[in-house]
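Residue numbers (full-length UniProt numbering), protein chains in the order written: chain A, 1 to 204; chain B, 1 to 204; chain C, 1 to 204; chain D, 1 to 204.
We put the CB at the ideal spot given by N, CA and C, even for glycine.
Remarks on the structure that follows.
Protein chains: 4
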Amino acid sequence: MSTPQARRGNTRQRIQDVALELFAEHGYEKTSLREIAERLDVTKAALYYHFKTKEDIVISLFQDLVRPIDELITWAQEQPRTLETKREVMRRYSESLNGCAPLFRFMQENQATVRDLSIGETFKRRMYDLFELLNEPDAELRDQVRCITALFSMHAGMFILQKLHGDPEDKRKAVLEVATELVTAANPPSRRPARPDSAQTAAP
Amino acid sequence: MSTPQARRGNTRQRIQDVALELFAEHGYEKTSLREIAERLDVTKAALYYHFKTKEDIVISLFQDLVRPIDELITWAQEQPRTLETKREVMRRYSESLNGCAPLFRFMQENQATVRDLSIGETFKRRMYDLFELLNEPDAELRDQVRCITALFSMHAGMFILQKLHGDPEDKRKAVLEVATELVTAANPPSRRPARPDSAQTAAP
Amino acid sequence: MSTPQARRGNTRQRIQDVALELFAEHGYEKTSLREIAERLDVTKAALYYHFKTKEDIVISLFQDLVRPIDELITWAQEQPRTLETKREVMRRYSESLNGCAPLFRFMQENQATVRDLSIGETFKRRMYDLFELLNEPDAELRDQVRCITALFSMHAGMFILQKLHGDPEDKRKAVLEVATELVTAANPPSRRPARPDSAQTAAP
Amino acid sequence: MSTPQARRGNTRQRIQDVALELFAEHGYEKTSLREIAERLDVTKAALYYHFKTKEDIVISLFQDLVRPIDELITWAQEQPRTLETKREVMRRYSESLNGCAPLFRFMQENQATVRDLSIGETFKRRMYDLFELLNEPDAELRDQVRCITALFSMHAGMFILQKLHGDPEDKRKAVLEVATELVTAANPPSRRPARPDSAQTAAP
DNA sequence: GATGAATGAGTCTTCATTCAT
DNA sequence: CATGAATGAAGACTCATTCAT
């Protein structure tokens, strides 16, 4: 696996893996390309064969992440805006996040940096789309806060809970439950769309 | 205020102000001492008269912040562990945070950096103390998540909600309410200490 | 002279001197800041204390050069457009060039580079101003060529003739004579301003 | 012409064309092989199939240029050293230059670079040969300057006059005329070889 | 209290070049 | 004929830090 021959052809992938690991661990700015290169046992110049700039590495990481979320958003926008849909969005979102925990940890812990990177705006847009899917347009301020907290707690949840003992999967589910409760509370029956039967068709 | 005479003697304070502003805006690593010095119209060397290192500036900022929170923790540990105490902790914490929003924004958005700084450990300790004040020792996982989410939403709340329109004070109250609800839900009547006097023995 | 104390305070000047020497010798691109720093026995960073960028060094060199030429142009524009004025312009220009021969050699031999630098445009402008001072507005193409050749031969003259033996001052005068002849030929009596008496007031 | 098939077999030529274009535009040092390769839509490695080094490309360009000039020199050295021969040399030289204007522009504007390249010396030799053909061995300094100026103005003429309006061919002729006048003036009747047959013994 | 001048270590990035395929 | 992958050397530039004055 670590012979030069075996590494052929997957260097790009290996760069992404190591970079993500280091970015998540020490932050984007404090991770130098020298460090990444050394850990891969290649030269810095090799990185530049695969990525035009340091930022480009982050962008490539982000693009792999954003796809499932984009699909989720697209799917949700075609569903009826029922509570059940919202719950399903939360479920699916939780799973998406689970698949790219390190990247989300990186984004969470390097927000100041990410904001200056070109992906910052894209990321914000996604968050806002999700918020709008959970939130009713004319919701009270308190309910808006509930929705945002729900989203945010799922982002942060994963690694904030790391020091708590317990099975990671159990923790994920606990976070999902609490977050779903918040969304549910933010969508009281009185404010839900009139005909409840549309709800039946919600999730597949 | 901005004449050379008026600036005499409060340079230290002015450095802290500008540094915090820039750290919060662009992150710790991307803010150089040159930038800070230029904005203050002094030389970099002048910064070194007031602070031993760059990290020292952050530490000094942090110390001003941590005091009210330390006091809050000390006070709370002497109170009975009732739900009402927990609610009061939330109220007071919300106000403390309000007083140092930019610093918290900085800590929130530069976690990867802060972790490597000497303040990282101190900060984590405070968070854990607060968590223990809100959480019952043998609480279910879900209730632990509620407490952590409650704390976290108050940290993040302030600047995450910036794009929502509305009076900042209204937003703060909304966040406080939602967070307090989470804490309340995490402390169901059945689990609250049966005899309030047992609370006396709670804190060490 | 070369003790650290003696060097204090004139580092900026020394950088300019060495830089000009190396730029003229090997070209702008092939002269690295490392080279300049090493020859001065300072670090590269020291150069950056005195100049913001590599280009900045060239700009500073150029500004010292351009001043006497600007003055010459200003002076000439206030004189009557007689042949005698033009001859005086050539005389003065030759002396100006003599004072900054290495810089002109640099500009002459690195035109492709200079063009991309910010000084390129400024320089071209000066050349055009000088051309207009020597040339009559509606001159024939051949006379225009004469003027341009006159100017150009003075620029190039100095270092092209280096391999010819003879006293440098003699060579400079020879170039000036030939160039002046070209200008004279480009301003035939028939085309000179009508009233010859205005010519009397020409040179101071 | 630009289909892959049509490009077969003339890649070498295409490299030369693009390289010359870029060298003339931005200079030798600032033109990277990557740039050349990209514009040709081949890889850098492909360039190395056709040329051993970057300098090799310049050398190959130069060799194509130098042949007609070598022929001109050889021819001229066999002619009698009369003024008429010299005039003919100028005429032919002007035409040669016309055929390779971009290369000459490159050499003119990158002298500092060319000097360090292996072609530098070769080029200088040719220039000196030409000078000797135009100049009488024991000419006065002023006449030597005339000859050099004549040569030089023809080199520089082409692109210096670019901003002047007028037909390029007209400009070329104007330059040739002025340059020829300079050569004529440098060869006054009094100094011309008395008996034309003495010309046979001129060149070594 | 503060500055002017400098440093050493490090940053990201680019380049000409090589070579197995 | 040409490429994909990589290298080593070097480039310009920035940073936190120091210290004599």
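CB contact check: residue i to chain B, cutoff 9 Å
i	result
GLU79(A)	In the sequence on display, residue 79(A) carries Gln and not Glu. No, no contact with chain B.
THR184(A)	no
THR178(A)	Per the sequence shown, the amino acid found at residue 178(A) is Val instead of Thr. Yes, its Cβ sits closer than 9 Å to a Cβ of chain B.
Under 9 Å between C-beta atoms of residue i and residue j
i	j	result
ALA26(C)	PHE104(C)	The question names Ala, but residue 26(C) is His in the sequence shown. Against a cut-off of 9 Å, the Cβ pair of PHE104(C) and HIS26(C) comes out as no contact.
LEU72(B)	VAL58(B)	no
GLU121(C)	ASN110(D)	no
CYS100(B)	LEU65(B)	yes
ILE69(D)	TYR48(D)	no
THR85(A)	TYR28(A)	no
LEU83(C)	ASN187(C)	yes
ILE160(B)	PHE152(A)	yes
GLU119(B)	PHE62(B)	Sequence check: residue 119(B) is Ile here, not Glu. Yes, Cβ-Cβ distance for ILE119(B) and PHE62(B) is below 9 Å.
ARG146(A)	VAL175(A)	no
ALA24(C)	PRO80(C)	no
ARG91(A)	THR180(A)	yes
THR31(A)	LEU40(A)	no
Where residue i falls, given that 16 or more other Cβ within 10 Å makes a residue buried
i	result
ALA76(C)	buried
THR74(C)	exposed
GLY157(D)	buried
GLN162(C)	exposed
residue 261(B)	Because chain B is modelled from 1 through 204, residue 261(B) falls outside the range shown and cannot be assessed.
GLN144(A)	buried
PHE54(A)	The sequence shown places Lys at residue 54(A), rather than the Phe named in the question. Looking at its Cβ environment, which holds 16 or more other Cβ atoms inside 10 Å, LYS54(A) is buried.
GLN16(B)	buried
ARG67(A)	exposed
ALA46(D)	exposed
ARG34(C)	exposed
THR149(C)	buried
Reduced DSSP secondary structure (H/G/I, E/B, other) of residue i
i	result
residue 287(C)	Residue 287(C) is absent from the model: chain C starts at 1 and stops at 204.
GLU88(C)	helix
HIS155(B)	helix
PRO196(C)	Below a pLDDT of 50, predicted positions are generally treated as unreliable, and PRO196(C), at 48, falls in that range; the measurement from the model is reported next regardless. Three-state DSSP puts PRO196(C) in coil, outside helix and strand.
PRO188(D)	coil
GLU136(A)	coil
GLY166(A)	coil
LEU103(C)	helix
LEU182(B)	helix
SER118(A)	coil
THR98(D)	Looking at the sequence provided, one finds Asn at residue 98(D) rather than Thr. If DSSP states are grouped into helix, strand and coil, ASN98(D) belongs with the helices.
SER2(D)	Caution is warranted here: a pLDDT of 47 is assigned to SER2(D), below 50, making its placement in the model unreliable, and the coordinate value is therefore given only provisionally. Of the three classes helix, strand and coil, the one that applies to SER2(D) here is coil, per DSSP.
Cβ of residue i within 9 Å of any chain D Cβ
i	result
LEU164(C)	yes
SER153(C)	yes
TYR128(C)	yes
LYS171(C)	yes
LYS86(C)	no
ASP138(C)	no
ASN187(C)	no
CB contact check: residue i to chain C, cutoff 9 Å
i	result
GLY27(D)	yes
residue 293(D)	Because chain D spans 1 through 204 in this model, residue 293(D) falls outside it and cannot be assessed.
LEU161(D)	yes
GLU181(D)	yes
THR149(D)	yes
ALA199(D)	In this predicted model, ALA199(D) has a pLDDT of only 45, less than 50, meaning its place in the structure is not dependable; the value taken from the coordinates is given anyway. ALA199(D) does not count as touching chain C.
ASP122(D)	First, the residue type needs correcting, since residue 122(D) is Thr and not Asp in the sequence shown. False, the Cβ-Cβ gap to chain C never drops below 9 Å.
CB contact below 9 Å: residue i versus chain A
i	result
ASN110(B)	yes
LYS54(B)	no
residue 219(B)	Because residue 219(B) is not part of the residues shown, which for chain B are 1 to 204, the question remains open.
GLU71(B)	no
Cβ-heavy atom distance, residue i to the ligand ZN, below 8 Å
i	result
THR149(A)	The ligand ZN is not part of this structure, which contains no ligands at all.
**Asked** At what residue ranges does the UniProt domain "HTH tetR-type" (9-69) of chain C contain a whole run of the alpha helix (DSSP H), taking only runs of 4 or more?
**Response** 11-26, 33-40, 44-50
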